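A.B. asks: Residue numbering for the sequence shown follows the numbering used here, beginning at 99 and increasing consecutively.
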Amino acid sequence: MGQKVRPTGFRVGVVEDWRSRWYANKREFGDLIIEDHKIRSYVKEKYNFALIARIEIERTRDFVTVHLHTARPGIIIGRKGQEVERLEADLEKLTGRRMELKIVEINDPQR
Numbered sequence: 099m100g101q102k103v104r105p106t107g108f109r110v111g112v113v114e115d116w117r118s119r120w121y122a123n124k125r126e127f128g129d130l131i132i133e134d135h136k137i138r139s140y141v142k143e144k145y146n147f148a149l150i151a152r153i154e155i156e157r158t159r160d161f162v163t164v165h166l167h168t169a170r171p172g173i174i175i176g177r178k179g180q181e182v183e184r185l186e187a188d189l190e191k192l193t194g195r196r197m198e199l200k201i202v203e204i205n206d207p208q209r
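(1) Nearest to F127 by alpha carbon, out of M197, I204 and R157?
(2) Considering only their Cβ atoms, is the gap separating I204 from H167 smaller than 8 Å?
(3) Tell me, which residues are paired with V182 by DSSP?
(4) Is I175 close to chain C? Criterion is C-beta to C-beta, closer than 8 Å.
(5) I need the straight-line Cα distance from Y140 to G107, nearest angstrom please.
(6) Does the Cβ of R195 lie closer than 7 Å to at least one heavy atom of the ligand GTP?
(7) Rank E181, L130 and A148 by C-alpha distance to the C-alpha of R170 and give the top, closest one.
(8) Cα-Cα, which of E133, G176, G172 and N146 is closest to T163?
(9) Could you spell out the range, first to last residue, of the beta strand (DSSP E) harbouring K200?
(10) Starting from E156, follow the beta strand (DSSP E) in both directions and report where the run begins and ends.
(11) Return helix, strand or coil for V164, following the three-state DSSP convention.
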């Protein structure tokens, strides 16, 4: 019998990149994992209709950069960028850290 391997874990580092890029010591690691989960679940819950394919999180000590890969960036950006600013403010309130959102358009969402 063959061993069962998750496809994402099998591809990381070869074909795909990590979904979170940061380093933390043992004391902070668990808190940052939970914070990443809160960010991802909040964005997926609020923008489930925006076809978000991937959420990547990069961190420094006080600053968090969130890359949202989506097929419909106009929904997340909103008029004159108001929706992005609102989402940044909500995430800053949720995490207590400075946030930067980067919206990445997916050209072929079916792939």
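Yeah, the Cβ is synthetic: ideal placement off N, Cα and C, and Gly gets one too.
This one's a predicted model, so the numbers in the text were calculated from it and none came from an experiment.
C.D. replies: In short:
(1) R157
(2) yes
(3) V182 pairs with nothing; no bridge assigned.
(4) Note that chain C does not occur in the displayed structure, where there is just one protein chain.
(5) 24 Å
(6) The model depicted lacks the ligand GTP and carries no ligand whatsoever.
(7) A148
(8) E133
(9) R196 to E203
(10) I150 to R157
(11) strand
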